[in-house]
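Remarks on the structure that follows.
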Amino acid sequence: YTQYGYFLIISIFITIISLMIIQEWFYFPSRIPADTLIRKRWFPSRLSRFSNIDTEIPPELNHDESTSRDDADIKIDGIGVHFIECKNKSGGKDSKEGCDIVKKCRVDIDAIHLMHGFGNSSLDWIHTIELLVENLGAKVAIAHDGVGFGFTNRPPIRFGITNDLAPYTSAGWAVLGNSLILDRLRKDCRDDITADSSISPQKRVVLIGHSMGAAATLKMALTLPACEKIVILVAPALVGTPP
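Numbered as in the numbering used here, the sequence shown ends at 256 without a single skipped number.
Right, here's the structure in full:
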């Protein structure tokens, strides 16, 4: 029986390794495009939203080893981004709802953005996002899936084209997050947004990053147009040197 047991274990091990090699070399993992998820309404959460985003990584963030080191913007075209969004049901910062402790030190917040860590997704914030919005009196909170995780589309990477990796970097995550925040602020008060998409200094945005997502959160703070920004890092995993 011992010999049969060894044979069975070795057979299972060889089968798993063979399948991994075949999958990696010949059948790349398939992803369901955001368009299909939207059309069929296959939403992972009642708070789920999808947005097709075109944006650029500015030169000040083009210092990552995975991208080119020139002074030109790196374009990110048409990525289907999955995010969860929670709006304040009682009207935002003028709301009187919320726990008594928070009322005593109430903070007027126009928007909150939450960034997940490695191996996770926006759904990690599903039990937190509503509490933050209601208790802090924020108008809206957003958490998006970084490229490579969750339900956000994964653009193809061509061999030798380093800029194809840009959406997968913390800089790529940051500009996608800023695009979502700016879009919500425009909808909230279009008169406070100028033609060049800058934010009124009176706007207050809270940026929260967890673990590896902390790097993206810091880059969001660096490049989000002028406004009051409150940055909160939870168990940050930060490596490398500052830009």
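From the three backbone atoms N, C-alpha and C, an ideal C-beta is built for every residue, glycine too.
Since we're looking at a predicted model, the values are computed, not measured.
By how many angstroms is the C-alpha of residue j removed from the C-alpha of residue i?
i: Met233; j: Asn191; result: 6 Å
i: Lys200; j: Val252; result: 36 Å
i: Asn148; j: Gln215; result: 21 Å
i: Tyr17; j: Ile45; result: 41 Å
i: Phe131; j: Ala229; result: 12 Å
i: Leu246; j: Ser224; result: 8 Å
i: Ile66; j: Ile23; result: 47 Å
i: Arg52; j: Ile97; result: 17 Å
i: Val160; j: Gly93; result: 9 Å
i: Tyr181; j: Asp158; result: 11 Å
i: Ile27; j: Thr15; result: 18 Å
i: Leu32; j: Gly91; result: 32 Å
i: Tyr19; j: Ile34; result: 23 Å
i: Leu189; j: Arg54; result: 22 Å
i: Ile25; j: Leu178; result: 35 Å
i: Ser135; j: Thr49; result: 19 Å
i: Glu73; j: Ile30; result: 42 Å
i: Asn75; j: Phe56; result: 33 Å
i: Ile87; j: Leu21; result: 51 Å
i: Pro168; j: Ala248; result: 29 Å
Taking C-alpha atoms, which residue in the options lies nearest to residue i?
i: Asp121; options: Leu251, Ala248, Glu241, Leu246; result: Glu241
i: Leu237; options: Leu195, Ile35, Ser64; result: Leu195
i: Lys102; options: Thr165, Leu144, Phe56; result: Leu144
i: Leu198; options: Ala239, Leu231, Pro71; result: Ala239
i: Ile243; options: Thr15, Ile139, Gly222; result: Gly222
i: Leu235; options: Ile92, Asn166, Pro71, Thr182; result: Pro71
i: Met128; options: Met33, Ala187, Ile29, Ile30; result: Ala187
i: Gly163; options: Thr28, Asp137, Leu32, Asn75; result: Asp137
i: Glu69; options: Phe56, Ile89, Arg54, Arg217; result: Ile89
i: Ala227; options: Ala184, Ile35, Ile34, Ser31; result: Ala184
i: Thr165; options: Asp86, Ile139, Val218, Asn133; result: Asn133
i: Val146; options: Val218, Leu21, Phe56, Pro249; result: Val218
i: His140; options: Cys99, Pro168, Pro249; result: Cys99
Since residue i is in the alpha helix (DSSP H), which residue starts that stretch and which ends it?
i: Leu235; result: 226-236
i: Arg52; result: 47-53
i: Val146; result: 142-149
Pop quiz: residue i and residue j are said to be a contact at Cβ under 8 Å. What is the actual Cβ separation, rounded to whole angstroms?
i: Ala124; j: Ala156; result: Going by Cβ atoms, the distance from Ala124 to Ala156 rounds to 12 Å, so no, they are not a contact pair.
i: His95; j: Ala47; result: 7 Å
i: Ile142; j: Ala154; result: 5 Å
i: Ser64; j: Leu193; result: 7 Å
Please report the residue range of the beta strand (DSSP E) in which residue i lies.
i: Leu220; result: 217-223
i: Glu241; result: 241-247
i: Gly132; result: That residue, Gly132, is in no beta strand (DSSP E); it is neither H nor E in DSSP.
i: Val153; result: 153-157
i: Gly93; result: 87-100
i: Arg62; result: 61-70
Mind the definition here: the stretch 174-181 touches the stretch 48-65 only if three or more C-beta pairs lie below 8 Å; say whether that holds. no
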